Amino acid sequence: MMPATPGYADAASIRPHEPVCRHSGFNTFSMYWSFLAVAIGGALGSLFRWFLGIRLNGVFSGLPLGTLAANVIAGYIIGVAVAGFARAPQLTPEWRLFVITGLMGGLSTFSTFSAEVVQRLQDGRLGWAAGEVVIHVSASLVMTILGIATVSLLSR
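My numbering puts the first residue of the sequence shown at 13, with every later residue one more than the last.
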């Protein structure tokens, strides 16, 4: 008997109540939960990003603070989540999908950030565009590092 190809279930092991997704090796039930985790997390993250934009983007005309806040908050929470999930392997993968892929994927906003930088470039505001790039990238990286450090400190 030949070994099963990775990602495909052995036909003898398939049970009618546990269909298998041939592309990932997950059973269909698990795929539904994964889908829901990403969808619900993404919806909540996107709504929070939208709220931040409404509340903060008009505060300072030179830099959309809602977009910056979304990216900085997401950077911190991603750091906390990555470190936290590494310390809690007993959590199901759906929690990681909910928090990192869904919630933080919906909250962080590289495409909006990119569009805002391009708008500054088109307006001839090269200094503002460069400043926005530096602020977003460095602040997000620093916050991710701080998120990881937070979990380290709290785990002692």
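Quick reminder that beta carbons are idealized off the backbone N, C-alpha and C, glycines included.
All figures in this text were calculated on a predicted structure; none of them were measured in a lab.
Validate contact between the region 142 to 149 and the region 102 to 115 using beta carbons, cut 8 angstroms, 3 pairs:
At 8 angstroms Cβ cutoff, the stretches do not touch.
Would DSSP call residue 83 helix, strand or coil?
As a working note, residue 83 is residue 71 in the sequence shown. It is helical.
Residue 133 to residue 125 span [Cα, whole Å]:
Counting from one through the sequence shown, the residue named residue 133 turns up at place 121. Counting from one through the sequence shown, the residue named residue 125 turns up at place 113. If I take the Cα positions, the gap works out to 13 angstroms.
Whether residue 118 touches residue 53 by CB criterion (8 angstroms)
Taking the first residue of the sequence shown as 1, we reach residue 118 at position 106. Taking the first residue of the sequence shown as 1, we reach residue 53 at position 41. Their beta carbons are under 8 angstroms apart, which means residue 118 touches residue 53 by this criterion.
Residue 33 (DSSP reduced to helix, strand or coil)
Counted from its first residue, the sequence shown places residue 33 at position 21. Confidence in residue 33 is poor, its pLDDT being 46 and thus under 50, which makes the residue's placement unreliable; the coordinate value appears in the next sentence. Of the three classes helix, strand and coil, the one that applies to residue 33 here is coil, per DSSP.
Residues of its chain near residue 68, where Cβ-Cβ distance is below 7 angstroms and the 5 sequence neighbours each way are ignored
Start at 1 with the first residue of the sequence shown, and residue 68 comes out as number 56. If you ignore the 5 residues before and after residue 68, its C-beta comes within less than 7 angstroms of the C-beta of 77, 78, 81, all in its own chain and listed in chain order.
Reference residue 90; option with closest CA among 115, 61, 46
Numbered from its first residue, the sequence shown carries residue 90 at position 78. With distances taken between Cα atoms, residue 90 lies closest to 115.
Taking the alpha-carbon of residue 111 as reference, which of 122, 95, 123 has the nearest alpha-carbon?
Counted from its first residue, the sequence shown places residue 111 at position 99. Minimum Cα-Cα distance from residue 111 among the listed residues 122, 95, 123 corresponds to 95.
For residue 58, I'd like the list of residues in its chain whose CB is within less than 8 angstroms of its CB, leaving aside the five on either flank, ordered along the chain.
Along the sequence shown, read from residue 1 onward, the residue named residue 58 stands at position 46. Cβ neighbours of residue 58 beyond the five flanking positions: 118, 119.
Taking the C-alpha atoms as reference points, what is the distance between residue 108 and residue 40?
Your numbering for residue 108 matches position 96 in the sequence shown. Your numbering for residue 40 matches position 28 in the sequence shown. Rounded to whole angstroms, residue 108 to residue 40 spans 18 angstroms at the Cα level.
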